[in-house]
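Asker: After the C-alpha cells below, expect a handful of questions from me.
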Amino acid sequence: MFTINFGEKPMIRQLRHCAFIASLTYSCLATAVDTDDILELTLEKPKAVIMGEVAKDRIRFNVCANPTSELCYGALQYRLAGEEDWENTITFPLARSQHYSDAVDIKELKPENKYEYRIGTFHIRDQSILPNVKLIWNDQSNPNYEQDIFYSYEDFVGKKDLSFLFGSCQYDGPLLDKLEKSPLALLNLLMKIKPLRNIGFFTKLTKLPGYKSKISNTQLGIMIELLALAEQEGTFIRTDDSEIFKTIREYAEKNNIQLRGFMDMGDTYYRDWLNIYGGAQNTEEVYALILNAITTAGRYEIQKTMPTLVQIDDHAFKDNFTRNDLIGQNYSLFADSCWRMADMVQRQMNIYDPETKQIGYRWSETSLWGLPVFIGDFRSEMIPGLAKISTAQQTALEKFLIKWGSYPKVILSQVPIGPDDTSKDTSDKWGDAGYQITRNKILNYLYSNKIKNTFWLGGDIHSGLFADVVHTSKPINENSLRSFPRVTDETESEVSMKNIVLAEAVASPFNWPIQFESMVLDPFIPLGESDKGHFCVVNQSSLVKKNHGGIFKLSDDGMKVEIALLTNSPDNPSGEVVLKKVYQLVPYESKM
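All you need for my numbering is the position in the sequence shown, starting with 1, plus 284.
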C-alpha cells in the first residue's frame, strides 16, 4: 500500500518531518521529567494508633503523627490475614489544626474475618507533590510503620464469649517525680522487701477488734490503710501507669480470654496535676500529657488492636469542671485548647465527623460486637441546680433503653450512679438537687418500663466496687431488701437480675499515687423515688483501694455476665482478682 502525494513541495515535507521529530523529542523529555519528579519517601512510625468502633460497614482508626512545619499525611494498607498482597494505599491528611491527628475509615470489609493493617506517616512541602510520592515500606523485620491485626464486624451475643476491659483514671504525672525525690521514697524501698511484706504489720493492724469503728476514718486510720495497701502492692508511691495494663494482658493470656474492647471512662490524663500543682499551662504541656497517656506500654498494645471508647472527665480540663466552664467569659483560648485537644483521644469514635472535623455531643449509642452500649457524657453537660445531662442526652438515653428493652446492654459513665458519699459532694457526683432529678428520671424510666439486664459501668472515684439498685416499698433503713443484703463482704457472689433495676460495677483507678479517694459511701441513702417506693442500693461490696481494671464478660449463650476487678500483685505478673460477680440474666428476645 502506498500514498501518492500530488504537488507537495520538498520544503513542506521537510518541515513536517522536523515537526514530527520535535514532537517525539518533547514527549520523551516530558516522560523523563515526570520520572525524575517521583519523590521516594521513607515512612515514619505514627506517634500513636487507636482503633475505633467496628461497625457493619467499616472500621475506624485514629492516627497521631509527629508535629512538623511541613504538611503531614498518614498512609494505611490492609489485607486479609494470610494473604501476601496489600490493598491499595489509603492516604489521608493529618492537619496542623487537628494537632496532627485524624481518623481514617476502612470500608467494604468482609464480615467475620481477620485482617492485618499497617499505618505510617510522612511529610511533604506542598500537597501538589502528593501524586508523585512513592512510599517506602521497610521490611517487617525493621518496620517504619505500625502493623497489627483487626477483626471485621460479627455479632457475638448468644454465640461467642464477649469480653472487654473497662476502667478509668490513669495518672503518671509531674507530681510523682517530686514524690520520688522526697523522703517518702524511702518507703518504696522498704515495701519492695518481700519479708517485710510477708510480716504485714500494718495489714494486721487493720484487722484488730474495734479498728473499723474507732480508727478507720481518722487521720491515723487513713495513714495505716495507706501503709497496709503499700504492703500488699509492694510499693508506696505508685509511679508506673503501664503496670496495670501489662497485668491485664498477662491475666487475659493466662486465662485464655480474648479481649474485644477497651472502655476508658475518663481521666485518661491529668492537666491539673491532681489539683495540687498549677498543672500544664500551655498546649505543648497538655499535648505531652496526652501523648504520654495514649502511648503507655501495655495500654498502647491494647488500644491499637480492639475498639477503644474514651470518655472525657474533669481533669482533662480542670478539677470539677461543669458546663459553666465551657461557656461565656469562663471559656478562654487556653480552655478552648484543652477542650479541643481532648478530641485527640476520641476521633476513633462515631461522635467524630471526619468531613467537618468536629465533635459535637460527646455521648452516643454504639454496638460492641452486637452488645448495645450507650456512651454517656455525665460531665460536660452538668448544670448545677438544674440537670446532670442535657435534654438531648436524656432523650437519647431513654430511646436507647426502650429500643433494647431487656436485651443485655451497657451504660458507660464517668461516675457511679451510687451509693452516695456521706459528704454529699455537689460538684462531681449526684449530691446536687438538679443532678438527683436526672438520676431519678433514669431509674424511673427503667423501672416503669420493666427494662431488665442493664449494666452501669462507672469510674472516677479512685475505688472499685459492685452495687445493685432495686425498687422497694419497704422502709429504706432495712438491712435487707428484695432478699439482698445492703452491704456484703463477699469477694465472689452470684445474683439473679430478676429483681435488679440496674447492676453497677465501678473500676477506678488504673494508676494512682499514694492517696486513694477518702470517702464514706452510704448504701442506706435512697437514690431516688417512684410513686410506689424508693430506689435503693443493695449488695454493696467492699471498696477496692488498689490500682485495678475491670473485665466484663458476656457468656457464649448470652445468659450470664461475669465481672472481675483485677489488681496488680508484686508476686504475680497476672495479678489478683479481688472482686468477682456473676449475674444471671433475665430471659430476653433476640434482636436478630
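Ideal Cβ placement from N, Cα and C applies to all residues, glycine included.
Quantities reported herein were computed from a predicted structural model and do not represent experimental measurements.
Whole alpha helix (DSSP H) runs in the region 388-472 with 4 or more residues, listed along the chain?
Answerer: List check, alpha helix (DSSP H) in window: 458-464.
Asker: Can at least three beta-carbon pairs, one atom from the region 534-552 and one from the region 762-780, be found at a separation below 8 Å?
Answerer: In short, these stretches do not touch, since the Cβ pair count stays below three.
Asker: Give me, in chain order, the residues of the same chain whose beta-carbon lies closer than 6 Å to that of V862; leave out the 5 immediate sequence neighbours on both sides.
Answerer: Same-chain partners within the cutoff: V828, L849 and T851.
Asker: In whole angstroms, what is the alpha-carbon distance linking Q632 and I408?
Answerer: So the two alpha carbons sit approximately 25 Å from each other.
Asker: Counting Cβ pairs, one atom from each stretch, are 3 or more of them under 8 Å apart for the region 410-420 and the region 335-351?
Answerer: Verdict: no, contact absent.
Asker: So if DSSP puts M843 in a beta bridge, which residue, or which two residues, is it bridged to?
Answerer: Paired residue(s): none; M843 is not in a bridge.
Asker: Where DSSP assigns a beta bridge to L543, which residues make up the other side?
Answerer: DSSP, once it has assigned bridges, lists S447 as partnering L543.
Asker: Have a look at T519, L510, Q454 and T640 and flag the residue whose alpha-carbon is nearest the alpha-carbon of A469.
Answerer: Answer by Cα proximity: T519.
Asker: Please report the distance separating the alpha-carbon of E860 from that of S826.
Answerer: Computed Cα separation, rounded: 16 Å.
Asker: Is the beta carbon of V753 closer than 8 Å to that of L786?
Answerer: It is a contact, given that the beta carbons lie within the stated cut-off.
Asker: By a C-beta neighbour count over all protein chains shown, 10 Å radius and 16 as the cutoff for buried, is K687 buried or exposed?
Answerer: With fewer than 16 other Cβ atoms within 10 Å, it is exposed.
Asker: Given a threshold of 16 other Cβ atoms within 10 Å of its Cβ, counted over all protein chains shown, does V317 qualify as buried or as exposed?
Answerer: The predicted position of V317 is uncertain, since its pLDDT is 40 and thus under 50; a value taken from the coordinates is nonetheless stated next. Classification for V317: exposed.
Asker: From V441 to I611, what does the alpha carbon distance come to, in whole angstroms?
Answerer: Each residue's alpha carbon lies about 42 Å from the other.
Asker: Under a CB-based cut-off of 8 Å, is D609 close to chain B?
Answerer: No chain B is present in this structure, which holds just one protein chain.
Asker: Identify every residue that forms a DSSP beta bridge with Y867.
Answerer: The partner list for Y867 (beta bridge, DSSP) reads V779 and V845.
Asker: Exposed or buried, R380, counting other C-beta atoms within 10 Å across all chains shown (16 or more means buried)?
Answerer: Result: exposed.
Asker: Apart from the five residues just before and just after T287, which ones in its own chain have a Cβ nearer than 6 Å to its Cβ?
Answerer: Confidence at T287 is low in this model, with a pLDDT of 39, below 50, so its placement is unreliable and no value can be given for it.
Asker: Given this structure, state the Cα-to-Cα distance separating G582 from E649, to the nearest angstrom.
Answerer: Taking the straight line joining both Cα atoms gives about 27 Å.
Asker: Rounded to the nearest angstrom, how far is the Cβ of I596 from that of P703, given a contact under 8 Å?
Answerer: Contact flag wrong, Cβ pair sits at about 25 Å.
Asker: Which residue wins for smallest C-alpha separation from R723, given the options D744, C348, L670 and E515?
Answerer: The option with the nearest alpha carbon to R723 is L670.
Asker: Hey, is the region 355-364 in contact with the region 396-408, meaning 3+ C-beta pairs nearer than 8 Å?
Answerer: Output reads yes: the region 396-408 touches the region 355-364.
Asker: Helix, strand or coil: how does DSSP classify A314 here?
Answerer: Residue confidence is low: A314 scores 43 on pLDDT, short of 50, so the model does not pin down where it sits. Its coordinate-derived value is still stated next. Of the three classes helix, strand and coil, the one that applies to A314 here is helix, per DSSP.
Asker: From what residue to what residue does the beta strand (DSSP E) around W740 run?
Answerer: Its beta strand (DSSP E) spans residues T738 to G742.
Asker: So, helix, strand or coil for P692, using DSSP?
Answerer: Of the three classes helix, strand and coil, the one that applies to P692 here is coil, per DSSP.
Asker: Note down, in chain order, each residue of its chain lying with its Cβ closer than 8 Å to the Cβ of R481, except the 5 sequence neighbours on either side.
Answerer: Excluding sequence neighbours, R481 sits near M475, E515, Q516, G518 and P854.
Asker: Span of the beta strand (DSSP E) holding K837?
Answerer: That run of the beta strand (DSSP E) goes H832 to L838.
Asker: Near T756, what residues of its chain come up, given a Cβ to Cβ distance below 7 Å and the 5 sequence neighbours on each side ignored?
Answerer: Hits under 7 Å: L765, R766, G817, H818 and C820.
Asker: Let me know if T319 comes out buried or exposed under the rule of 16 or more other beta-carbons within 10 Å of its beta-carbon.
Answerer: For T319, the predicted structure reports a pLDDT of 49, less than 50, and the residue's modelled location is therefore unreliable. A value from the coordinates is still provided. Flag for T319 reads exposed.
Asker: Using the Cα positions of D773 and K672, report the straight-line distance between them to the nearest angstrom.
Answerer: So the alpha carbons of these two residues sit roughly 31 Å apart.
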